[in-house]
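*Asks:* Once you've had a glance at the structure underneath, I'll fire off some questions.
Number of protein chains: 2
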Amino acid sequence: MKVKCTVSYDGSQFYGYQVQPNKRTVQSEIEEALTKLHKGEKIKIFASGRTDASVHAVGQVFHFETNLRIPDDRWPFALNSLLPEDIVIKSAAYVEHEFHARFDVVKKEYRYIINQEKIQDVFKRKYCFHYPYEIDLQSIEKACDLLLGTHDFTSFCAAKTEVEDKVRTLYSIEVIKEENDIIFRFIGNGFLYNMVRILVGTLLEIGQGIKSFEDIPAIFKGLDRRLSGKTVPGHGLYLWKVYYDN
Amino acid sequence: MKVKCTVSYDGSQFYGYQVQPNKRTVQSEIEEALTKLHKGEKIKIFASGRTDASVHAVGQVFHFETNLRIPDDRWPFALNSLLPEDIVIKSAAYVEHEFHARFDVVKKEYRYIINQEKIQDVFKRKYCFHYPYEIDLQSIEKACDLLLGTHDFTSFCAAKTEVEDKVRTLYSIEVIKEENDIIFRFIGNGFLYNMVRILVGTLLEIGQGIKSFEDIPAIFKGLDRRLSGKTVPGHGLYLWKVYYDN
């Protein structure tokens with residue numbers, strides 16, 4: 001039987017999601033817990049996609065195959081008791097055999113949080129990017145309008161990205177001010193390597209007047225990573241939700 | 001000259017506030033940073049009081065003597081650049097020579113946060129006490145009314161407390177529900193060892209019906225730690241603010 005799980009993790013102490021030899025990763029911790037639960041039988045998980053070192057997840061999704069007969073709502077408790085405290089399974093459900101956590105993704109939501117307090121909030125240091133500079137939200141919102149829709153995002157992904165087709169669609173970008181935080185909320189059909197972090201870096205440079213929102217069309221057209229802004233740090237980024245049909 | 005500093009710290013990685021041989025403590029980290037800044041001259045700090053292992057501070061206050069002439073508003077930056085990332089100096093001010101961070105305290109505010117989500121929120125695991133049990137807030141509020149005012153708090157402090165006078169005054173207790181969190185906010189003229197954690201433990205037992213709010217007078221009267229509730233964990237506790245005259 002196939003189980004679909006929603007998992008949240010604090011990315012601070014991980015070398016990202018994907019298994020790497022001799023590194024602590026989210027995937028390896030979950031596979032180890034599942035293997036224990038299956039009395040040594042090796043279980044492999046398939047996630048909606050990777051996340052990088054120090055990037056968090058509120059609603060990452062993965063699936064795996066199992067012969068264990070555990071009720072849906074007991075899976076989180078069974079797994080959480082075997083997982084380290086920085087990974088928490090939020091829910092689980094049996095799904096049809098055809099379901100695939102990566103290939104069936106319809107859209108994804110990422111959030112990026114910056115904190116604008118002058119002096120760093122000690123409790124947010126691993127969960128927001130501390131950015132105490134004045135930014136003009138109106139220019140940022142104008143830039144967001146130009147980023148929306150279907151584009152070749154070559155200029156907004158890490159130069160070493162191996163994927164060939166770099167056309168993606170951004171359905172919505174929201175910029176929400178909450179006290180001293182600014183939350184950037186992106187929903188799209190897919191995201192390239194470092195894409196959200198480069199989009200935010202570019203928006204912040206526009207907010208500071210280093211770049212203009214009017215530069216966006218030329219950045220797209222240039223198909224060159226060097227035209228966009230800096231990549232902001234991973235610890236402000238959250239894989240918030242993965243959407244599937246049904 | 002005498003400097004008064006307000007400091008916040010994430011208690012997770014400390015063996016409490018006070019210096020202990022071979023342990024990482026808040027006091028020793030701050031004194032080390034100050035000593036560096038004073039080119040090796042040993043600087044001692046005096047705080048409003050101690051906090052225990054894993055207890056956080058939003059607004060702990062301490063003072064120290066210095067011969068350095070740094071403007072008030074530059075002290076936080078000078079010190080923060082030398083401090084580890086889990087201690088942040090929020091503000092500093094020159095004060096009169098008579099000021100003492102401990103002896104001049106007029107009142108203190110502590111907060112204790114519990115999280116009631118069924119499944120732990122991974123981002124709150126070090127910053128709230130996970131308590132997913134149903135509790136009756138009305139009984140808790142009735143108990144709070146009986147705790148207010150001036151009492152001998154012997155039954156509400158750790159048995160090993162050495163202080164002789166255990167009479168303290170609680171000016172206010174607020175119980176605030178915020179989404180899935182419940183925040184207990186205590187303001188008093190002073191707090192005994194483990195007092196807030198035992199008060200919250202007792203209130204939670206009242207909320208669950210293990211004890212009744214009507215037991216409070218007898219618990220006070222008994223002058224016996226065994227009459228009150230369990231001590232809740234340190235990681236839900238925050239020294240929120242220290243009040244002085246002026």
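Order-wise, the sequence lines are chains A and B. Take 1 as the starting number for the first sequence in full-length UniProt numbering and just add one per residue. Take 1 as the starting number for the second sequence in full-length UniProt numbering and just add one per residue. From the three backbone atoms N, C-alpha and C, an ideal C-beta is built for every residue, glycine too.
Does the stretch 61-68 of chain A come within contact of the stretch 25-38 of chain A, defined as at least 3 CB pairs closer than 8 Å?
*Replies:* Because the criterion of three Cβ pairs below 8 Å is met, the stretch 61-68 of chain A and the stretch 25-38 of chain A touch.
*Asks:* For the stretch 60-93 of chain A, which residues have a CB atom closer than 9 Å to at least one CB atom of chain B, in sequence order?
*Replies:* Per Cβ criterion, the list reads P76, F77, N80, E85, D86, I87, V88, I89, K90 and S91.
*Asks:* Would a C-beta distance cut-off of 9 Å place A/Y171 and A/L148 closer than the cut-off?
*Replies:* Contact: yes.
*Asks:* Taking A/K4 as part of the beta strand (DSSP E), name the residues at either end of that continuous run.
*Replies:* Counting along the chain, the beta strand (DSSP E) containing A/K4 begins and ends at K2 to Y9.
*Asks:* List the residues of chain B whose Cβ lies closer than 8 Å to the Cβ of A/R111, in chain order.
*Replies:* Near A/R111 there are no residues of chain B at all, since even the closest Cβ is about 12 Å away, more than 8 Å.
*Asks:* Would you say B/V245 lies against chain A (beta-carbon separation less than 9 Å)?
*Replies:* The sequence shown places Asp at residue 245 of chain B, rather than the Val named in the question. So, not an interface residue.
*Asks:* Is there a Cβ of chain B sitting closer than 9 Å to that of A/F123, yes or no?
*Replies:* Answer yes: the Cβ-Cβ gap between A/F123 and chain B drops below 9 Å somewhere.
*Asks:* Determine which residues of the stretch 8-30 of chain B have a Cβ less than 9 Å from any Cβ of chain A, and write them out in chain order.
*Replies:* Cβ contacts with chain A: S8, Y9 and D10.
*Asks:* Helix, strand or coil: which one does DSSP assign to A/Q95?
*Replies:* Residue 95 of chain A is actually Val in this sequence, not Gln. Strand.
*Asks:* How many angstroms separate the CA atom of B/I219 from the CA atom of B/E174?
*Replies:* The alpha-carbon atoms of B/I219 and B/E174 are separated by roughly 21 Å.
*Asks:* Looking at the strands, I want to know which residues DSSP matches up with B/A47.
*Replies:* In the DSSP output, where bridge partners are listed per residue, B/A47 has B/F62.
*Asks:* Could you name the residues that DSSP lists as bridge partners for A/E109?
*Replies:* DSSP, once it has assigned bridges, lists A/I187 and A/K241 as partnering A/E109.
*Asks:* What is the rounded straight-line gap between the Cα of A/E164 and the Cα of A/I182?
*Replies:* If you take the alpha carbons of A/E164 and A/I182, they lie about 33 Å apart.
*Asks:* Is the Cβ-Cβ distance between B/H56 and B/L237 less than 9 Å?
*Replies:* Yes, they are a contact pair.
*Asks:* If you follow the alpha helix (DSSP H) that B/T202 is in, where does it begin and where does it stop?
*Replies:* M195 to G207 is the extent of the alpha helix (DSSP H) around B/T202.
*Asks:* If you run the structure through DSSP and keep just helix, strand and coil, what is A/F14?
*Replies:* DSSP places A/F14 in coil when its eight states are reduced to three.
*Asks:* Just curious, the alpha helix (DSSP H) that B/S28 is in, first and last residue?
*Replies:* B/S28 -> alpha helix (DSSP H) spans V26 to L37.
*Asks:* Does at least one heavy atom of the ligand GDP sit under 8 Å from the Cβ of B/L239?
*Replies:* Here there are no bound small molecules, and the ligand GDP is not part of this structure.
*Asks:* Does the beta-carbon distance from B/R50 to B/T154 come in below 9 Å?
*Replies:* No, these two residues do not count as a Cβ contact at 9 Å.
*Asks:* Is there a Cβ of chain A sitting closer than 9 Å to that of residue 250 of chain B, yes or no?
*Replies:* The requested residue 250 of chain B is not part of the displayed model; chain B covers only 1 to 246.
*Asks:* On the premise that B/A92 lies in contact with B/V3, defined as a C-beta separation below 8 Å, what is that separation, rounded to the nearest angstrom?
*Replies:* That pair is a contact at about 6 Å.
*Asks:* Can A/F191 and A/K108 be called in contact, C-beta distance under 9 Å?
*Replies:* A contact, by the Cβ cut-off of 9 Å.
*Asks:* Can you tell me whether B/I45 is buried or exposed? The criterion is at least 16 other CB atoms within 10 Å of its CB, across all chains shown.
*Replies:* By the 10 Å Cβ count, B/I45 comes out buried.
*Asks:* Evaluate B/L223 with the Cβ neighbour count: other Cβ atoms within 10 Å of its Cβ, from every protein chain shown; 16 or more gives buried, anything less gives exposed.
*Replies:* Under this definition B/L223 is an exposed residue.
*Asks:* Please list, in chain order, the residues of the stretch 117-141 of chain B that have any C-beta partner in chain A closer than 7 Å.
*Replies:* If the cut-off is 7 Å between Cβ atoms, the stretch 117-141 of chain B has I119, Q120, V122, F123, R125 and Y127 near chain A.
*Asks:* Where does A/T154 sit, in a helix, a strand or coil, going by DSSP?
*Replies:* If DSSP states are grouped into helix, strand and coil, A/T154 belongs with the helices.
*Asks:* For the beta strand (DSSP E) containing A/S139, name the first residue and the last one.
*Replies:* A/S139 -> not in any beta strand (DSSP E); alpha helix (DSSP H) instead, spanning L137 to L147.
*Asks:* Can you tell which of A/V122, A/E141, A/S212 and A/Q116 has its C-alpha closest to the C-alpha of A/Y131?
*Replies:* Cα-wise, what sits closest to A/Y131 is A/Q116.
*Asks:* Which of helix, strand or coil does DSSP assign to A/N115?
*Replies:* Here A/N115 sits in strand by DSSP.
*Asks:* Please confirm whether B/K126 and B/D10 have their CB atoms less than 9 Å apart.
*Replies:* Yes, Cβ-Cβ distance for B/K126 and B/D10 is below 9 Å.
*Asks:* Since I believe A/V232 is in contact with A/R185 (beta carbons under 8 Å), could you give me their beta-carbon distance rounded to a whole number of angstroms?
*Replies:* So it is not a contact: roughly 15 Å between Cβ atoms.
*Asks:* DSSP has B/F129 in a bridge; who is on the other side?
*Replies:* Looking at the DSSP assignment, B/F129 forms a beta bridge with B/I114.
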